[in-house]
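Beneath this line is the structure, given in structure tokens, with notes to follow.
Residue numbers (the working numbering): 145 to 283.
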């Protein structure tokens, strides 16, 4: 009796393809639309000081410290674009320095009531964009 030889190359190829498709689908689910995370029907405006910028995938986050009318300090996390896209536009992790005064006009707050994440455009005191646009112009 002779044991038939098996060609494992097609099984390995199928396995690699399956793993690749699974990884791709996880990445696609991880990325979200603006309306999935943010309430685009509500708008907030604030001015504060940049505390730090988190340069990470899938989006950068600019931490902006704001003093409320009651004297309380809160830190909003303003979602920005993908770091790779920003880098290709000439933005670097240290482009927006801590201590810079910025304004977020007509920003969309997160849908979660416990989150201080917002999506919008940051401008400098002279009215210029602090970063390339990642949100539509405020209306």
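Every residue, glycine too, gets a C-beta built ideally from N, C-alpha and C.
The criterion of a C-beta distance shorter than 8 Å is not satisfied by residue 189 and residue 273.
Given a length threshold of 3 residues, each whole run of the beta strand (DSSP E) inside the segment 173-207 is given here in chain order: 188-198. Of all alpha-carbon atoms in 263, 242 and 192, the one lying nearest the alpha-carbon of residue 183 is that of 263. Closest by C-alpha distance to residue 240, out of 204, 185, 187 and 181, is 204. Counting C-beta atoms within 10 angstroms of its own C-beta, residue 252 has 16 or more neighbours from the protein chains shown and is therefore classed as buried. In the three-state reduction of the DSSP assignment, residue 239 falls in the coil class, being assigned neither a helical nor a strand state. Cβ neighbours of residue 218 within its own chain (closer than 7 Å, five residues either side excluded): 210, 212 and 260. When rounded, the separation of the alpha-carbon atoms in residue 206 and residue 266 is 9 Å. In this chain, the beta strand (DSSP E) harbouring residue 252 covers 245-253. Boundaries of the beta strand (DSSP E) around residue 261: 261-263.
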